[in-house]
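J.: Take a look at this one; I'll ask things after.
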Amino acid sequence: MNSIDFTKVVPASQLTGDDEEDTSLLKGILGEAEEYILAQQKWCPSIKNAYFGFGIGIVVAVFLFEIIPKSQNVDDYVWVIVGDLSPLYITTEDAPNPACALNEYLGAMEKWVDFALNGRIDEKCPPVEAEPTKEHGEMLKQRIKFIDEEILSAYQEDLR
Numbered sequence: 068m069n070s071i072d073f074t075k076v077v078p079a080s081q082l083t084g085d086d087e088e089d090t091s092l093l094k095g096i097l098g099e100a101e102e103y104i105l106a107q108q109k110w111c112p113s114i115k116n117a118y119f120g121f122g123i124g125i126v127v128a129v130f131l132f133e134i135i136p137k138s139q140n141v142d143d144y145v146w147v148i149v150g151d152l153s154p155l156y157i158t159t160e161d162a163p164n165p166a167c168a169l170n171e172y173l174g175a176m177e178k179w180v181d182f183a184l185n186g187r188i189d190e191k192c193p194p195v196e197a198e199p200t201k202e203h204g205e206m207l208k209q210r211i212k213f214i215d216e217e218i219l220s221a222y223q224e225d226l227r
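This note's numbering numbers the first residue of the sequence shown as 68 and each following residue consecutively.
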């Protein structure tokens, strides 16, 4: 049983951004999150419900999906983080809310950066849509720093 804090999400049908443009961008990125979980994750043939945690346009958004998994070994809920970085799913085990999910995402991407800065990659690293070069590592490192300092920092209470 998971301990998701549903007070921190809204049904995706109620998704709203800071203004009309932001709302439109977030709805578009919801489509990207749905496509990622359905097309790239073989253990997820369908989505039962979608929820929106938070996001900023196409920079980053956190969604929670209730899925109908292919096997009993797969959780019924999974976070998906999308934006102008590589998409990634995060289990709810250590992420009861969107802020924790984004924090887990950033931690996973930091692992990739550590390896990429040395020009290699490890099988334990998340898949990233870039070659593991020092240049790409530095670029992702800056994006992680921005998201951590400018977005995630507003949710410090949720990380406790």
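No residue lacks a Cβ here, since even glycine has one placed at the ideal position from N, Cα and C.
Roughly how many angstroms separate the alpha carbons of Ile214 and Lys191, rounded to a whole number?
T.: Spanning the two alpha carbons is a distance of roughly 23 angstroms.
J.: Run through DSSP, which three-state label would Lys178 get?
T.: Correct three-state label for Lys178: helix.
J.: Where DSSP assigns a beta bridge to Asn116, which residues make up the other side?
T.: For Asn116, which the question treats as bridged, DSSP gives the partners Glu133.
J.: If we ignore side chains and look at the alpha-carbon of each, how far apart do Tyr172 and Ile157 end up?
T.: Each residue's Cα considered, the two are about 7 angstroms apart.
J.: Kindly give me the distance between the Cβ atoms of Leu207 and Ala175, rounded to whole angstroms, as I take these residues to be in contact under 8 angstroms.
T.: No, Leu207 and Ala175 are not in contact; Cβ-Cβ is about 11 angstroms, not under 8 angstroms.
J.: Determine the extent of the beta strand (DSSP E) in which Gly150 is found, giving its start and end residues.
T.: Here the beta strand (DSSP E) through Gly150 covers Tyr144 to Gly150.
J.: Alpha carbon to alpha carbon, how far is Gly95 from Asp151?
T.: Their Cα atoms are separated by approximately 12 angstroms.
J.: Please return the same chain residues whose Cβ sits closer than 7 angstroms to the Cβ of Pro112, not counting the five positions on each side in sequence.
T.: Only Ile135 and Lys137 meet the Cβ criterion.
J.: So the candidates are Trp179, Glu87, Ala183 and Phe130; which of them puts its Cα closest to the Cα of Ala166?
T.: Ala166 has its Cα closest to that of Phe130, out of Trp179, Glu87, Ala183 and Phe130.
J.: To the nearest angstrom, how far is the alpha carbon of Asp143 from that of Glu133?
T.: So the two alpha carbons sit approximately 6 angstroms from each other.
J.: Around the Cβ of Thr159, are there at least 16 other Cβ atoms within 10 angstroms (buried) or fewer (exposed)?
T.: Buried, because 16 or more other Cβ atoms sit within 10 Å of the Cβ of Thr159.
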